[in-house]
Amino acid sequence: MLKQDIWLYLHFPLLPLETLLPQRPEELAQKPIAIINLQKNIQQVLCCNTQAAAWGIEPGLSISTALALCPELEVLPRQFEQEQQLLQQLALLAYSFSPVVILEGSELWLEISGCQQLFKGYDALLKNLQNRLKYQSISAVNGIGQNPLAAKLLCKSRFETQLPDQTEIQRRLRNTDINLLKTSRKQQQSFKQLGLNRVGDLLALPRSALSRRFDAELLTTIAQLNNEKLFTAPRFQPADSFRDLIQNPQGIFNKESLLFPMKTLLQRLCQYLMARQCHCREIEWRFEPLIGESQHVQIQLSGSQNNWSSLLMLSRLQLERLELPRSIEQIILCADQFIEAPMGMFNLDLFDDQKLAQQSCELIDSLNARLGIEALSQPILNQDYLPEQASTLAIPGQHSSAAYSERPDEKLKAPQPLWLLTDPAPVHLRNRQLYWRQPLSIISGPERLCGNWWQAEQQRDYYLACDSNGARYWLFRDTSSQRWFVHGLFS
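Converting from the sequence shown to the working numbering requires adding 770 to each position, the first position being numbered 1.
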């Protein structure tokens, strides 16, 4: 016998309807609406909203019968592609609760036996999952079993938030209607002839009798129910990059109306980031019009982010500066630059440096979004010994902090001025006396600095000098030309 685990099965009875919610939230809440499958010869109702159910509409009704019951019924075709995208989002949500998630067709399983400690109990896990689904306006029912097949058979018409014990799970499984097993009509007829009404009746039969009377597919099903054979469906893994979209065939005609679908897409992105335990470094928006060329907006972050409200604020600032087409049909959000989530969630720093750094990044990102990324720059250190090449200006946040921690001159003990001349000024030598505006006297030195030998060998001997008034200067002598220069002034 294989080790008995705890599997959770999720079924989404209104998924075809809820797929359309981001596009038409107000209409779907007010009108009687039914979803049909156009790919089948017999067009039947797949699901409907509460308003349609009040008229007596239910799954399985023909379109003609449904329209006869409710003449105002709006019939919408099933959107398979968008439905699969929503299932991927739900699988991501499940992945944040368990590392073992199986998505097969429209069916979703989680293996939760190793997640009890993380959520402080199975009941808390189930309640948390239910709340997350409700927040996303997703209707779900579940089943709990010792294997994926048993969990599916035990799926009821409600979401169970308390984990039954193993004895209760076995009792429920044995009492399950045998016709819920996925079998052929011939097999179901055999069940009837043998007087088998419950799954427990089938499991109680000797193995030899089962192999003589039933086919290999049913024997595999029985082995899975008995935990004698593994469920072989592949595990779900989040994609390496994020791309999601929301369509509105009627078009969006003003920037304010874009904010709700943009918020929805950013929440999906942050759900993806949570599942992968990472933060993003940049995001890209694409606005596709009904007619004309699309518009792109790239938001580069000075740090990293996984907060949808902060990203929405930055997106809104960028949106104010953008000239959009008159009507937007499709909004696309992409992200592929990620880093691992910082370990500072439980920050014990006395001075809370991480919080200050986060606030600095948010300020820089806000200024970039409002003024443009070219408006800001910050000094950074280069890996170069020559002072005029040791620093440069760069876009904030676009360089690793490692550049600040390993300076090539950090072992130099001689003082160096903060003020460097743009171009080193020649120093004259008069009667063996250094002269720059007035006579200079050497105080200390030399200290040799070398440039990058693979580019052009350059060696300088640096000295500290002063004039008669006590002002101090930073001089160097070029060893190749033997000429002297003033490179910097001390305060």
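All residues carry an ideal CB built from backbone N, CA and C; glycine is no exception.
Do residue i and residue j have their CB atoms nearer than 8 Å?
i, j, result
"residue 1106", "residue 1011", "yes"
"residue 1206", "residue 1256", "yes"
"residue 805", "residue 846", "yes"
"residue 836", "residue 815", "yes"
"residue 775", "residue 881", "yes"
"residue 1100", "residue 1058", "yes"
"residue 1136", "residue 1151", "no"
"residue 1029", "residue 1016", "no"
"residue 871", "residue 861", "yes"
"residue 1006", "residue 865", "yes"
"residue 1068", "residue 1052", "yes"
"residue 1203", "residue 1238", "no"
"residue 1230", "residue 1218", "yes"
Using the C-alpha atoms, what's the distance from residue j back to residue i?
i, j, result
"residue 1249", "residue 1220", "10 Å"
"residue 801", "residue 973", "48 Å"
"residue 933", "residue 1104", "38 Å"
"residue 925", "residue 779", "7 Å"
"residue 858", "residue 918", "19 Å"
"residue 1061", "residue 829", "38 Å"
"residue 1254", "residue 1147", "33 Å"
"residue 1212", "residue 1233", "7 Å"
"residue 951", "residue 985", "14 Å"
"residue 784", "residue 818", "7 Å"
"residue 886", "residue 824", "40 Å"
"residue 803", "residue 844", "5 Å"
"residue 989", "residue 1004", "21 Å"
"residue 960", "residue 1021", "56 Å"
Hey, out of the options, whose CA is closest to residue i's CA?
i, options, result
"residue 942", "826, 923 and 932", "923"
"residue 1235", "1218, 1201, 1260 and 1048", "1260"
"residue 1192", "1233, 939, 1023 and 1258", "1258"
"residue 811", "833, 827 and 822", "833"
"residue 1025", "1082, 874 and 813", "1082"
"residue 875", "782, 895 and 1013", "782"
"residue 745", "890, 1243, 1091 and 865", "The shown model of the chain, from 771 to 1261, leaves out residue 745, and the question about it has no answer."
"residue 914", "813, 905 and 892", "892"
"residue 969", "1252, 944 and 1109", "944"
"residue 1216", "1241, 1245 and 1201", "1245"
"residue 1085", "1071, 865 and 1098", "1071"
"residue 1166", "1133, 956 and 958", "1133"
"residue 1266", "1157, 1239, 1238 and 1237", "The question about residue 1266 has no answer here: the residues shown for the chain are numbered 771 through 1261."
"residue 1098", "1076, 994, 1065 and 777", "1065"
"residue 954", "1087, 1044 and 987", "987"
"residue 1076", "1199, 1027, 1039 and 1239", "1039"
"residue 1090", "1027, 1159 and 991", "1027"
"residue 777", "840, 1020 and 995", "995"
"residue 901", "863, 927 and 883", "863"
"residue 977", "1023, 992 and 965", "992"
Does DSSP classify residue i as helix, strand or coil?
i, result
"residue 870", "coil"
"residue 1253", "coil"
"residue 821", "helix"
"residue 864", "helix"
"residue 1034", "helix"
"residue 1057", "strand"
"residue 934", "coil"
"residue 1246", "strand"
"residue 893", "helix"
"residue 1003", "coil"
"residue 1207", "coil"
"residue 1070", "strand"
"residue 1194", "strand"
"residue 789", "coil"
"residue 978", "helix"
"residue 902", "helix"
Output needed for residue i: all residues of its chain with C-beta closer than 8 Å, excluding positions within five of it in sequence on either side, in chain order.
i, result
"residue 849", "786, 789 and 790"
"residue 1063", "1095"
"residue 1047", "1110 and 1111"
"residue 939", "914, 915, 916, 920 and 924"
Closer than 6 Å by C-beta to residue i: which residues in its own chain qualify, once you throw out the five before and the five after it? Chain order, please.
i, result
"residue 856", "789"
"residue 930", "912"
"residue 1264", "Outside the displayed span of the chain (771 to 1261) sits residue 1264, for which this structure offers no information."
"residue 946", "923 and 969"
"residue 1102", "1015 and 1056"
"residue 1164", "1150"
"residue 813", "806 and 833"
"residue 1198", "1205"
Whose C-beta lies closer than 7 Å to the C-beta of residue i among residues of the same chain, with five residues either side of it excluded?
i, result
"residue 899", "867"
"residue 1037", "1078"
"residue 1032", "1082, 1085 and 1101"
"residue 958", "949"
Looking at the C-beta of residue i, does it have a partner C-beta in chain C at a distance below 8 Å?
i, result
"residue 1163", "Within the model displayed, chain C is absent; a lone protein chain is all it includes."
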